[in-house]
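To start, the structure under review is shown below, and the notes come after it.
In the UniProt record's numbering, the protein residues as written are 1 to 72.
And the structure:
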């Protein structure tokens, strides 16, 4: 399941493209990056971030979606 490409997760094009620009191309990378907090990514605003959070929660992965650098 970790090798599942972003294209197969049902994310919107905007969310997929933003994650790819951040170096995330599959579910495993998303889970790993998210454990420390998803970094701010261009195009991944509140709506897209919420979409990603909802999808990952549905898949049963505990993830920290706090933004790195928040409040700095």
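Note that the Cβ used here is the ideal one computed from N, Cα and C, for glycine as well. None of the values given here were measured: they were computed from a predicted structure.
C-beta atoms of residue 16 and residue 6 nearer than 8 Å: Within the chain shown, numbered from 1, the residue matching residue 16 stands at position 16. Within the chain shown, numbered from 1, the residue matching residue 6 stands at position 6. Yes, Cβ-Cβ distance for residue 16 and residue 6 is below 8 Å.
For residue 26: DSSP bridge partner residues: In the chain shown, the residue the question calls residue 26 occupies position 26. Looking at the DSSP assignment, residue 26 forms a beta bridge with 5.
Residue 38 and residue 9 closer than 8 Å at C-beta: Here the question's residue 38 lines up with position 38 in the chain shown. Here the question's residue 9 lines up with position 9 in the chain shown. In this structure, residue 9 does not lie closer than 8 Å to residue 38 by Cβ.
Same chain, Cβ closer than 6 Å to residue 23, five either side skipped, listed in chain order: Looking up residue 23 in the chain shown gives position 23. Around residue 23: no qualifying Cβ.
Beta-carbon spacing of residue 11, residue 51 below 8 Å: Position 11 of the chain shown, counted from the start, is the residue given in the question as residue 11. Position 51 of the chain shown, counted from the start, is the residue given in the question as residue 51. Yes, the Cβ-Cβ distance between residue 11 and residue 51 is below 8 Å.
Beta-carbon spacing of residue 14, residue 41 below 8 Å: Stepping through the chain shown from its first residue, residue 14 is reached at position 14. Stepping through the chain shown from its first residue, residue 41 is reached at position 41. For residue 14 and residue 41, no; Cβs fall outside 8 Å.
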